[in-house]
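A.B. asks:
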Amino acid sequence: MRATPVAATLLAALLTPLAACAQNGDAPASSGPAPTTAAPAVPVELTKSGGIVGLNDTVTVQPDGRWTRVDRTGASRTGQLSAADLDRLRQLAADSRLAAEAAATVPVTMCADAFSYRLTVGPTTTSYVDCPPEATPPPATAAVVDLLTRATG
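When you line the sequence shown up against mature numbering (1 follows the signal peptide of the UniProt record, and there is no 0), it's residues -22 to -1, 1 to 131, in that order.
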């Protein structure tokens, strides 16, 4: 058993209230319930490539929800995830299915013009090729892809 994901989650849980205070200019509260979800202690990165136009877009989300999207030409856009989207990303980033999906063997697909997705959350990297009906995307990875695609679109 590796302690790194547990340590990262614990560190994120301890730092999340301080980050919220820093944004609001408030002092940290001395009491109250602990957050129900923990922010990833490292950025989340999603790369979408392929398709008929040859996409190569990368979205990087910082633990506080700030995101940067860079396309194949190097043009970039920035933004901030909504509180609801950031909370959902935190839940998905802590999902144990991501590690299982990263360890699974991905079948080779013979799809033309399909999109490939590579998701990195901390030390965990998962990927899949969107090639229906040949393969069903891994559910936890696909949920993060859907969230980031919609929120940073």
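Backbone N, C-alpha and C fix where the C-beta goes; we use that ideal spot for every residue, glycine too.
All figures in this text were calculated on a predicted structure; none of them were measured in a lab.
Buried or exposed, going by whether 16 or more other CB atoms sit within 10 Å of the CB of R50?
C.D. replies: Position 72 of the sequence shown, counted from the start, is the residue given in the question as residue 50. So R50 counts as exposed.
A.B. asks: Answer with yes or no whether the minimum CB distance from T83 to chain D is below 9 Å.
C.D. replies: Annotation note: the requested chain D is absent from the structure, which comprises a single protein chain.
A.B. asks: Taking a contact to mean a Cβ-Cβ separation below 9 Å, would you say T38 touches R96 in this structure?
C.D. replies: Numbered from its first residue, the sequence shown carries residue 38 at position 60. Numbered from its first residue, the sequence shown carries residue 96 at position 118. Cβ distance not < 9 Å, so T38 and R96 don't count as in contact.
A.B. asks: Is any heavy atom in the ligand MG found nearer than 8 Å to the beta carbon of L24?
C.D. replies: Among the components modelled here there is no ligand, and therefore nothing to report on the ligand MG.
A.B. asks: Can you tell me whether residue 132 is buried or exposed, with buried defined as 16 or more other CB within 10 angstroms of its CB?
C.D. replies: Look at the range of the chain in this structure, -22 to 131, and you will see that residue 132 is not part of it.
A.B. asks: Could you tell me which residues DSSP pairs with V107 in its beta bridges?
C.D. replies: In the sequence shown, the residue the question calls residue 107 occupies position 129. In DSSP, V107 forms a bridge with S94.
A.B. asks: Take R47 and list the residues in its own chain whose beta-carbon comes closer than 6 Å to its own, dropping the five residues that flank it on each side.
C.D. replies: Position 69 of the sequence shown, counted from the start, is the residue given in the question as residue 47. Within the same chain, R47 has close Cβ partners V37, R55, T130.
A.B. asks: Output the boundary residues of the alpha helix (DSSP H) element that contains R75.
C.D. replies: Here residue 75 corresponds to residue number 97 of the sequence shown, with the count starting at 1. Start and end: 75 to 81.
A.B. asks: Classify G52 as buried or exposed, calling it buried when 16 or more other Cβ atoms lie within 10 Å of its own Cβ.
C.D. replies: As a position in the sequence shown, residue 52 is number 74, starting the count at 1. It counts as exposed.
A.B. asks: Going by DSSP, which residues form a beta bridge with V84?
C.D. replies: Here residue 84 refers to the residue found at position 106 when the sequence shown is read from its first residue. The partner list for V84 (beta bridge, DSSP) is empty, contrary to what the question assumes.
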